[in-house]
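Participant: Sharing a structure below in structure tokens format, with a few things to ask.
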Amino acid sequence: MIDAPQAGDSQTTDPRLAEHRLIWREKPVLREIYSDYYRRMARACRPGATLEIGGGSGNFKEFAPDVVSTDILATPWLDAVADAQALPFSDKSFDNIVLLDVLHHIERPARFFDEACRLLKPNGRIVLIEPGITPVSNFFFTHFHPEPVDMTADPLLEGPLAEGRDAFDANQGIPSLLFGRDKTRFTARFTGLKIIRVQRLSLFAYPLSGGFRKWSLVPAVLVPVLLKVESVLLPLLGPLMGFRLFVVLEKNGN
Ligand SMILES: C[S@@+](CC[C@H](N)C(=O)[O-])C[C@H]1O[C@@H](n2cnc3c(N)ncnc32)[C@H](O)[C@@H]1O
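The sequence shown lines up with residues 22 to 275 when you count with this note's numbering.
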């Protein structure tokens, strides 16, 4: 099933991924919040073979040990190097494809969804958690986050790939555009995929934690309580201030 270049060694690992791995180990508040994301993703998967795209620091394996974890950048802790836009796996080889914070880094998301349709078995799922743009999160992402938010972009743009694009180039608006403003275009373009969940997550704990930055304004011990409070408030406050979008798509049964 796997015919992909193997991941690299510690000499060739991108320093940003090495740093993320270190922060994951040393920042309990980050682990609390991301563990909630990983558990939600694992629960949304169907039984069977799972492929992770953009695995980065490689933490999903703690929650789904049999996952095949890949990234466009080589690291010793992932299973293979793979570009989401041209995946080195055979047709109908996976039951699930999971991505955490990756879709908004992919230059041509439409190429990824074409590849996902090819790789998934009938009824297979794409499970992703991404930045979600709401009035409040847009303010914070725009002013306090290094990655841009461009809500005027066309997330379904086709065309050639740019030379020398960096793996961390991004538009945090892409997931909200695809599953919000451009949802009708998305479903018309990908008739073999059904959107079965679009849910807002993350009100306070995630922005207060500082994510992968070294600071945090909330102690790890408070996170489980905050997440419980958030789950009650999300139906009301999610559209106004949710920082995350949890999306599940299912391939049709043919
Ligand atoms: C923000 S990091 C997220 C890493 C990891 N999923 C996590 O949450 O810790 C984005 C990851 O996407 C990867 N990436 C960017 N473009 C990609 C592409 N076209 N195909 C596969 N991975 C890609 C980057 O190399 C990076 O590891």
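Glycine is no exception: its CB is placed at the ideal position from the N, C-alpha and C atoms.
Is it right to say residue 22 is buried, meaning 16 or more other beta carbons lie within 10 angstroms of its own, or is it exposed?
Facilitator: For residue 22, the predicted model reports a pLDDT of 48, less than 50, meaning its position is unreliable; a value from the coordinates is still stated below. When all chains shown are included, residue 22 counts as exposed.
Participant: Per DSSP, residue 271 is paired with what?
Facilitator: 146, 215.
Participant: Give the secondary structure of residue 22 by DSSP, where H, G and I count as helix, E and B as strand, and everything else as coil.
Facilitator: With a pLDDT of 48 at residue 22, under the threshold of 50, the modelled position of this residue cannot be trusted, and the question is left open.
Participant: Please state if the CB of residue 120 and the CB of residue 54 are separated by a distance shorter than 8 Å.
Facilitator: Cβ distance not < 8 Å, so residue 54 and residue 120 don't count as in contact.
Participant: In angstroms with no decimal places, state the Cα-to-Cα distance between residue 49 and residue 104.
Facilitator: Near 30 Å, if we compare the C-alpha coordinates of residue 104 and residue 49.
Participant: Is residue 117 near ligand 1, in the sense that its beta carbon is under 7 Å from a heavy atom of that ligand?
Facilitator: Residue 117 Cβ: outside cutoff for every heavy atom of ligand 1.
Participant: Tell me the rounded alpha-carbon separation between residue 241 and residue 166.
Facilitator: Taking the straight line from one Cα to the other gives about 21 Å.
Participant: DSSP puts residue 106 in a beta bridge; with which residues?
Facilitator: None; residue 106 has no bridge partner.
Participant: When the Cα of residue 269 is compared with those of 227, 153, 149, which residue comes out closest?
Facilitator: Nearest option by C-alpha distance: 149.
Participant: With a floor of 3 residues, list each beta strand (DSSP E) that falls wholly inside the segment 127-185, ordered by position along the chain.
Facilitator: The segment 127-185 contains these whole beta strand (DSSP E) runs: 141-152.
Participant: For residue 36, which option in 141, 66, 77, 227 has the closest C-alpha, if you only look at C-alpha atoms?
Facilitator: Residue 36 has its Cα closest to that of 77, out of 141, 66, 77, 227.
Participant: Check residue 91 in the structure and name its three-state DSSP category.
Facilitator: Correct three-state label for residue 91: strand.
Participant: When you compare each of 155, 101, 58, 132 to residue 259 by their alpha carbons, which one comes out closest?
Facilitator: Per the Cα distances, 155.
Participant: Just to confirm the assignment: which complete beta strand (DSSP E) runs, minimum length 3, are found wholly within the segment 214-247?
Facilitator: The segment 214-247 contains these whole beta strand (DSSP E) runs: 214-222.
Participant: According to DSSP, simplified to helix, strand and coil, what is residue 14?
Facilitator: Since the displayed the chain opens at 22 and closes at 275, residue 14 lies outside it and no answer follows.
Participant: Exposed or buried, what is residue 111 when buried is set at 16 or more other beta-carbons lying within 10 Å of its beta-carbon?
Facilitator: Answer is exposed; the Cβ neighbour count stays below 16.
Participant: Quick one: grab the DSSP three-state call for residue 67.
Facilitator: The answer is coil: DSSP assigns residue 67 none of H, G, I, E or B.
Participant: If distances are taken between C-alpha atoms only, which option among 176, 244, 202 comes closest to residue 132?
Facilitator: Closest by alpha carbon: 176.
Participant: Taking the beta carbon of residue 159 as the centre, do at least 16 other beta carbons fall within 10 Å, making it buried, or is it exposed?
Facilitator: Burial call: buried.
Participant: Would you call residue 72 buried or exposed, if buried means 16 or more other Cβ atoms sit within 10 Å of its Cβ?
Facilitator: Buried, because 16 or more other Cβ atoms sit within 10 Å of the Cβ of residue 72.
Participant: Examine ligand 1 and report whether any of its heavy atoms sits within less than 7 Å of the Cβ of residue 105.
Facilitator: Yes - ligand 1 has a heavy atom lying nearer than 7 Å to the Cβ of residue 105.
Participant: Relative to the C-alpha of residue 216, which candidate in 224, 226, 201 has its C-alpha closest?
Facilitator: The residue with the shortest Cα to Cα distance from residue 216 is 201.
Participant: I'd like the span of the alpha helix (DSSP H) that includes residue 205, first residue to last.
Facilitator: It spans 204-210 - the alpha helix (DSSP H) in which residue 205 sits, taken as one unbroken run.
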